[in-house]
Amino acid sequence: MTADAAAPDVLDELRATVRSFAQHLGGTQLARRAIESPTPGFDPDAWRLLCEQLGIATLGLPEDLGGVGGLRELVAVAEVFGESLLAIPFFGSTVLAGQVLARCGDAAHSTLEKMSEGTICALATSPPFGGQPQLSLVTDGTVSGHVPTVINAPEADVLIAVTAEAVVRVDLPDPGCEVTRLRTLDLTRSIGSVTLRNAACTILHPVDHAAVVRPALEMAALALAAEQLGGSQACLSMTVDYVKERRQFSRTIGSFQAIKHTLADVLIKIELARSALSRALEVESDGPRFAEAAAVARIWCNEAYRFASAEAIQLHGGIGFTWEHDAHLYFRRARSDAQLLGNTADWREHLAQTLQWA
3 MTADAAAPDV LDELRATVRS FAQHLGGTQL ARRAIESPTP GFDPDAWRLL CEQLGIATLG
63 LPEDLGGVGG LRELVAVAEV FGESLLAIPF FGSTVLAGQV LARCGDAAHS TLEKMSEGTI
123 CALATSPPFG GQPQLSLVTD GTVSGHVPTV INAPEADVLI AVTAEAVVRV DLPDPGCEVT
183 RLRTLDLTRS IGSVTLRNAA CTILHPVDHA AVVRPALEMA ALALAAEQLG GSQACLSMTV
243 DYVKERRQFS RTIGSFQAIK HTLADVLIKI ELARSALSRA LEVESDGPRF AEAAAVARIW
303 CNEAYRFASA EAIQLHGGIG FTWEHDAHLY FRRARSDAQL LGNTADWREH LAQTLQWA
């Protein structure tokens, strides 16, 4: 990534381009259609267009591996996708699986090349905080085990599995791999459980949590924080627009002090989250400091989204509680995101250990 690529005006232009494209696809209306489709939480047409026209599939991956852009570009796009709630495998494939593959050396090149063409990868791994390996590699080149939640597993073409011994690739479908689509609180993100019974696999890299898994999950946590920031801003924007129009007692409700103060509190949390995210980007090349900053960003963005999505429903009044309004889609996403890659308590504990407070 060059200095020019990371310039604020270039990032703003990137956000504007992706935002315009997302709106052209239908924005939250596209998300609603995906909810009611045969593949809930996934829109294959939207993903194909984003890969073909914007090269989203390998965003944030090294250029020598066919990637484009860096962490700043990845975060900028994640923020826009958080605003629009597009039902696409960006986080599960591009971010989670992609960041692990990028650290697996030459053995992962062919998989990354397929990703650039739209192949969807899903990452099956144990929980990031204190989780024991749930998959085991057998000497005959097969893998077995069960992972209860894998993002984008139902539509994945390739499963990237982190076992106790190695990072392996399982090409799907495979008779030894059973994927069950889960109906979760967030209807716009596809999640499934994966059970492997002697599934054929290809070893990509020996497991090295310090060099492969942990840095990938830290970058994924930052991308997730950016999604949360984008969702928080969307909640604030639509609520501000609503209170400027809704009238009660011959006045717009936005003129009431209680409404103003609540929205000011939402804005403060969002700006704190934005600052934390910016700080993490500033120290991306400094491993220990980046780990600390990523944890702080995850904590603040989690809190901002939780608060903004809840207040959006309350301040919209009766309409905010209906299925027809978008508020519940953001609320569901906020609550679901709060548990992905560890919850706030997990990240606070991780931060304390990183700072050697615990």
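Numbering (the working numbering), first residue to last: 3 to 360. Even glycine gets a Cβ: it sits at the ideal position worked out from N, Cα and C.
- Ile-205 is a Cβ neighbour of Ala-168, given a cutoff of 7 Å.
- Its Cα nearest to that of Ala-354, the residue Ala-296 stands out among Arg-334, Asp-11, Ala-296.
- Beta-bridge partners of Cys-123 (DSSP): Val-160.
- For Thr-182, the uninterrupted beta strand (DSSP E) segment begins and ends at 179-184.
- His-148 sits close to Thr-197, with the two beta carbons spaced by under 7 Å.
- For Ile-37, the enclosing alpha helix (DSSP H) stretches over residues 30-37.
- DSSP places His-327 in the coil class of the three-state scheme, outside both helix and strand.
- Rounded to the nearest angstrom, the gap between the Cα atoms of Val-77 and Phe-92 is 12 Å.
- In the structure shown, Ala-89 adopts coil according to DSSP, grouped into three states.
- Going by C-alpha positions, Val-160 is about 12 Å away from Ala-110.
- In the displayed model, Ser-95 falls within a helix according to three-state DSSP.
- Taking C-beta atoms under 8 Å as the contact rule, Ala-299 and Ala-312 fail to qualify, at a distance of about 20 Å.
- Its chain contains Ile-193 as the residues whose beta carbon lies nearer than 6 Å to that of Thr-151, once the 5 sequence neighbours on both sides are disregarded; these appear in chain order.
- Close CB contacts of Thr-346 within its chain, under the 6 Å cut and outside five residues either way in sequence, are with Ile-301, Asn-304 (chain order).
- At a cut-off of 4 residues, the continuous stretches assigned as alpha helix (DSSP H) that sit fully inside the region 247-293 are 259-284.
- As a beta-bridge residue in DSSP terms, Gly-194 pairs with Val-152, Arg-183.
- Annotation for Pro-46: the continuous alpha helix (DSSP H) segment containing it runs 46-56.
- Counting only the Cα atoms, Gly-43 lies some 29 Å from Leu-67.
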